[in-house]
Amino acid sequence: MSPPAAPQNGDTLAFVESPVQLLNVLEWAHRENPRPEPPSSEGELAPLEVPASGLTVVVLAPHDPMTRGQLRRMAQLARDEGHAVEWARARDGLLAPFRTIASLAGPLRRARRLVIGDPFSRYVQLLLGLSRARAELTVVDDGTATMEFVGQLARGERFVRWHRRGAGGLRGLLFAPVSASARRRLTPGEGREVEVFSAMPVESPDRVRVTANDFAWTRERFGPPRLTRGTDLVGTSLVETGVVDPARYLEAVVSLTRTHGATRYFAHRRESPAKLHEIAVEAGVEIVRPDLPLELVARRGPIGRTILSFPSTVVHTLPLALVGTGVRVAVCEVDPSWLTEKASPRASGFLAAVTGTARDAQRLGSGPAAAAP
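Numbered according to the working numbering, the sequence shown spans residues -1 to 371.
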């Protein structure tokens, strides 16, 4: 990557690794400055030009091609808003992390505020160690993981993703000092503010400011959508993360489509082609692979009048993005019998909490017992 624009006094650096994180950075920036000035010329901003908005987004690009594709489209939306975007090939080869970190060391030390999308990311934890001690920190949603992050921060626990067992083996042990340092940086201190910008139902830890994300930018820029008469089902990566058994998941998808008449299945960007093919054949649904986060896809439309989902981020975010449109969101609970032996002991309770705290989504129970509304 070319070196990011050198932050001046008052400038902000944001680090994102997924399309949803970048969407929530845009929502945060919109709240800070509801209508930034648009770029003065078409196309990308010059790499070394300080953006008028004061925000430079650094994309720590992952390997997954679907994620990279969505990130590139989100990056263009960010540029359209007047923000600078730097694409870091942070995982392209053994030397890529060292080159990326070296290029970011200076800007990190000068930035007044850092915005991060994934406090569990080892990449982000390394970068936090290079930032100046008094830099203000904002954590934007990386989906439901924000709920676990806030809870662990409040309890003073080490940062571990909810679906993982143990400490991550030898790599986790070796990385423990970096993780501990990141936890200290994410704890408010004298002269340092920590903000959590979230659409999730989280309670504010001591001295942490929680700001509600109501998807104002999404609603202002897109829609309202045209509604179809059908029902749409939202897919999940619970199988890919090893939490839910593939056969039980397929059984639940087939049951939901038959009970509720779902005709489209919006795939999660991490779902495998083989799994999606089986769902298309067994459930008889059209597979849709969104080119943007589902909140934007739904807001642009067309979208079904009813959206079904398993416990995931969208049962909290879609009601906010689609408020006033007449779309109803319903969540199918994950029965504990669906979980694999590899699932974390925290998995069942965490998924139940995701469902139970969804304020504006109807609960359907689980599996074949999920009766039609």
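Glycine included, C-beta positions come from ideal geometry on N, C-alpha and C.
For clarity, every value in this text was computed on a predicted model and none was experimentally measured.
- Query: Closest to R71 by CA distance: which of P334, L102, L21 and L274 is it?
  - Reply: Taking only the C-alpha atoms, the option nearest R71 is L21.
- Residues that E284 bridges to, as DSSP identifies them: R262
- Item | Burial state of F388, where buried means 16 or more other Cβ atoms lie within 10 Å | No statement about residue 388 is possible, as the shown extent of the chain runs from -1 to 371 and does not include it.
- Please work out which residues of its chain come closer than 7 angstroms, Cβ to Cβ, to P432, disregarding the five sequence neighbours upstream and downstream, and give them in chain order. The shown model of the chain, from -1 to 371, leaves out residue 432, and the question about it has no answer.
- Task: Work out the CA separation of G354 and S38 for me, nearest whole Å.
- Result: Confidence in S38 is poor, its pLDDT being 33 and thus under 50, which makes the residue's placement unreliable; the coordinate value appears in the next sentence. In this structure, the CA atom of S38 is about 46 angstroms from the CA atom of G354.
- Query: Would you call P343 buried or exposed, if buried means 16 or more other Cβ atoms sit within 10 Å of its Cβ?
  - Reply: With fewer than 16 other CB atoms across the displayed protein chains lying within 10 angstroms of its CB, P343 is exposed.
- Item | Bounding residues of the alpha helix (DSSP H) (the contiguous stretch that carries D230) | Segment L225 to V232 is the beta strand (DSSP E) holding D230; no alpha helix (DSSP H) there.
- Cβ neighbour criterion (16 or more within 10 Å) applied to E339: It is exposed - the Cβ of E339 has fewer than 16 other Cβ atoms within 10 Å.
- Query: Can you tell me whether P291 is buried or exposed, with buried defined as 16 or more other CB within 10 angstroms of its CB?
  - Reply: By the C-beta density criterion, P291 is buried, having at least 16 other C-beta atoms within 10 angstroms.
- Query: In whole angstroms, what separates the C-alpha of Q123 from that of R224?
  - Reply: 42 angstroms
- Task: Grab me the residues of L274's own chain with a C-beta within less than 6 angstroms of its C-beta, minus the 5 sequence neighbours each way, in chain order.
- Result: A265 and I285
- Task: Scan the segment 64 to 123 and note each continuous beta strand (DSSP E) run of 3 residues or more that stays entirely inside, going in chain order.
- Result: 82 to 86 and 111 to 114
- Which of helix, strand or coil does DSSP assign to F147? Note: F147 maps to helix in three-state DSSP.
- How about I114 and F195: are their beta carbons less than 8 angstroms apart? no
- Query: From what residue to what residue does the alpha helix (DSSP H) around E382 run?
  - Reply: It is not possible to answer for residue 382, since the shown part of the chain is limited to -1 through 371.
- Specify the secondary structure class of S235 as computed by DSSP and reduced to three states. Here S235 sits in coil by DSSP.
- Item | P37 - DSSP class collapsed to helix/strand/coil | Any reading at P37 needs caution, since the residue's pLDDT is 40, under 50, leaving its predicted position unreliable; the model's value is listed next. In the structure shown, P37 sits in coil (DSSP, three-state: anything other than H, G, I, E or B).
- What are the boundary residues of the alpha helix (DSSP H) that G354 is part of? A345 to G354
- Message: Could you tell me the alpha carbon to alpha carbon distance between G41 and P309, rounded to whole angstroms?
- Response: With a pLDDT of only 31 at G41, under 50, the local geometry of the prediction cannot be trusted, and the value read off the model is given with reservation. Looking at the two C-alpha atoms, the distance is approximately 39 angstroms.
- Query: So which of E134, S253, L184 and P175 has the shortest CA-CA distance to V148?
  - Reply: Of E134, S253, L184 and P175, the smallest CA-CA separation from V148 is found for L184.
- Task: Could you tell me if R297 is buried or exposed, where buried requires 16 or more neighbouring beta carbons within 10 angstroms of its beta carbon?
- Result: buried
- Message: Taking the beta strand (DSSP E) that A341 belongs to, which residues open and close that run?
- Response: Taken as a continuous stretch (DSSP letters only), A341 belongs to no beta strand (DSSP E), as it is neither H nor E.
- Task: State the Cα-Cα distance for the pair D358 and A100, rounded to the nearest angstrom.
- Result: Those two C-alpha atoms are separated by around 45 angstroms.
- Task: May I ask which residues mark the beginning and end of the alpha helix (DSSP H) holding A27?
- Result: P17 to E30
- Query: By how many angstroms is the C-alpha of V206 removed from the C-alpha of R219?
  - Reply: 30 angstroms
- Any idea which residues DSSP pairs A210 with across the strands? S196
- Item | Which of helix, strand or coil DSSP assigns to V242 | V242 falls in the strand class under three-state DSSP.
- Quick one: what does DSSP say V329 is sitting in, helix, strand or coil? strand
- Task: Tell me whether E280 is buried or exposed, calling it buried when 16 or more other Cβ atoms sit within 10 Å of its Cβ.
- Result: exposed
- Query: Where R326 and S129 are concerned, what is the direct C-alpha to C-alpha distance, given to the nearest angstrom?
  - Reply: 43 angstroms
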